[in-house]
Amino acid sequence: MSGKTTKLNRMLALEMGRVTERAAVCSSLWVGRGDEKSADQAAVDAMRKELNVLDIDGTVVIGEGERDEAPMLYIGEKVGTGKGPKVDIALDPLEGTTLTAKAMPNAMTVLAAAQGGTLLNAPDCYMDKIAIGGGYPAGLVDLDATPAENLEALAKARKVGVAQITACILDRPRHADLIRAVREAGARVTLITDGDIAGVIATTDHETGIDIYMGVGGAPEGVLAAAALRCIGGQMQGRLITNVEEQKTRAASMGVKDFNKKFDMSEMASGDVIFAATGVTDGWLLDGIHHERGGVTTNTIVMRSATGTVRRLNSFHSAIEKFT
Ligand code: VTB
11 MSGKTTKLNR MLALEMGRVT ERAAVCSSLW VGRGDEKSAD QAAVDAMRKE LNVLDIDGTV
71 VIGEGERDEA PMLYIGEKVG TGKGPKVDIA LDPLEGTTLT AKAMPNAMTV LAAAQGGTLL
131 NAPDCYMDKI AIGGGYPAGL VDLDATPAEN LEALAKARKV GVAQITACIL DRPRHADLIR
191 AVREAGARVT LITDGDIAGV IATTDHETGI DIYMGVGGAP EGVLAAAALR CIGGQMQGRL
251 ITNVEEQKTR AASMGVKDFN KKFDMSEMAS GDVIFAATGV TDGWLLDGIH HERGGVTTNT
311 IVMRSATGTV RRLNSFHSAI EKFT
């Protein structure tokens, strides 16, 4: 882990948006082509290229995998020119490779930049997650409460019946009991096939109709979602699921002492953090890349925890051959 640094330069926020933009444009060339690997590779290559021209002393803390399993953007890889501030980078170059390959909604390129040593270095395991948007009393929902208790608490805080509450859950067999419990409590369930970072962030925007995110998804995605909520507002808790010894060893080597610990979002992303994402396909949070005559349009969100600024950038890029 790199040493703690002072606050992040605000200019970095715009630079991070440039990185996710480039990755999104490149992976968009693979939308609907049924080739997840190439879509992901395009995002990885582009992200790395763009990160490496930045004047930062960056270290990837959440990336494509361990050094021996990922040739690029592996955990521990140094990025940037090395000349600037120490920054920890968490990335999911293409969140939703299958969504991209199948041209389904909510695929996006995602990046968080944080003060050195302030992001939970989550191993590549699962995480049990719960998240709600901003404006609620602290501790309103809890991973250790039952689904019915959480839904009732949320409904009460919103002054509506549980029937008015919608939970977003990944469509996986492991969630059969959870989905049943949510429906039995009277709430609706919106199932997603992939992309739970978008699912968590959706709770912060009334227009999505999503009030709460629940269930088990990737731990790296959990930390990225926590980083986003630290900036945009909301609440989130996560608990690592380290079933096999190897994951425990990995988690321990990354500084996790208590394997059952319930992490609050401010423990997953404890310092100054910047979150950036660009849509690849149209989604709740972002429009995807649209190829038009003479170029492409990108839709990017960039947020900073220091100020709570949420910036949306709509850009037109001519000559996209420059990107690839
Ligand atoms: C989620 C989701 C990802 O993996 O974290 C999920 O956000 C969890 O893993 O887009 P399983 O697919 O094993 O359930 C993705 O769907 C794919 O990385």
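According to my numbering, the stretch in the sequence shown is residues 11 to 334, in order.
Built from N, CA and C at the ideal position, the CB exists for glycine as well.
Here's the rule I'm using: 16 or more other beta-carbon atoms within 10 Å means buried, otherwise exposed. How should residue i be labelled?
i, result
"K14", "Note that K14 has pLDDT 47, beneath the 50 cutoff, so the model's placement of it is unreliable and no number is given."
"G232", "buried"
"H216", "exposed"
"F326", "exposed"
"S280", "buried"
"G92", "exposed"
"A286", "buried"
"S315", "buried"
"G86", "exposed"
"T291", "buried"
"T288", "buried"
"N253", "exposed"
"R240", "buried"
"V283", "buried"
"R260", "buried"
Within the present structure, is the beta-carbon of residue i separated from the nearest heavy atom of the ligand VTB by less than 7 Å?
i, result
"L180", "yes"
"E46", "no"
"D206", "yes"
"G225", "no"
"E105", "yes"
"E4", "With the chain covering 11 to 334 only, the question about residue 4 has no answer from this structure."
"G73", "no"
"G336", "Look at the range of the chain in this structure, 11 to 334, and you will see that residue 336 is not part of it."
"G248", "no"
"G228", "yes"
On a Cα-Cα basis, can you pick out the residue from the options that is closest to residue i?
i, options, result
"G196", "P230, I85, N160", "N160"
"S37", "A316, M57, L61", "M57"
"I99", "I189, K47, L22, A148", "L22"
"N131", "I299, A237, T334", "A237"
"I311", "E31, R20, L18", "E31"
"I207", "D55, E76, A329, I140", "I140"
"L104", "Q247, G149, T334, D55", "D55"
"A295", "A33, P133, R43, I211", "Here residue 295 turns out to be Leu, not Ala, going by the sequence shown. Closest by alpha carbon: I211."
"V35", "N270, T203, A52, V97", "A52"
"R28", "V63, S48, E46", "V63"
"R303", "I330, D181, K88", "I330"
"T213", "S276, I175, K332, P183", "I175"
"G225", "G144, C178, G149", "C178"
"S276", "I242, R260, S263, E255", "I242"
"T108", "G44, S328, G298, Q247", "G44"
"N270", "C135, T259, L250", "L250"
"A163", "L150, L24, G318", "L150"
"V89", "G145, E46, M26", "M26"
"K258", "P133, M246, A148", "P133"
"T110", "R77, I72, S48, A167", "S48"
"Q125", "N19, A155, G293", "N19"
"R321", "K332, G298, N309", "N309"
"G248", "I66, A262, G227", "G227"
DSSP state of residue i, grouped into three classes?
i, result
"K332", "helix"
"K14", "Confidence is the limiting factor: at K14 the pLDDT is only 47, short of 50, which leaves the residue's position unreliable, though a coordinate-based value still follows. Note: K14 maps to coil in three-state DSSP."
"T213", "coil"
"A316", "coil"
"L22", "helix"
"R58", "helix"
"V233", "helix"
"G298", "coil"
"L201", "strand"
"V29", "helix"
"V35", "helix"
"R303", "coil"
"L323", "strand"
"I284", "strand"
"I311", "strand"
Quick check on residue i - is its C-beta less than 8 Å from some C-beta in chain D?
i, result
"P157", "Among the chains of the structure shown, chain D does not appear; only one protein chain is present."
### Message
Going residue by residue through the region 249-281, where are the continuous alpha helix (DSSP H) segments of at least 4 residues, counting only ones entirely within it?
### Response
Look at the region 249-281 and you find these whole runs of alpha helix (DSSP H), each 4 residues long or longer: 255-263, 275-278.
### Task
Pick out the complete alpha helix (DSSP H) segments inside the region 113-192, 4 residues or longer, and give them in chain order.
Correct list: 157-168.
### Task
Starting from the N-terminal side, write out each stretch of the alpha helix (DSSP H) that is 4 residues or longer and does not extend beyond the region 60-112.
The region 60-112 contains these whole alpha helix (DSSP H) runs: 107-111.
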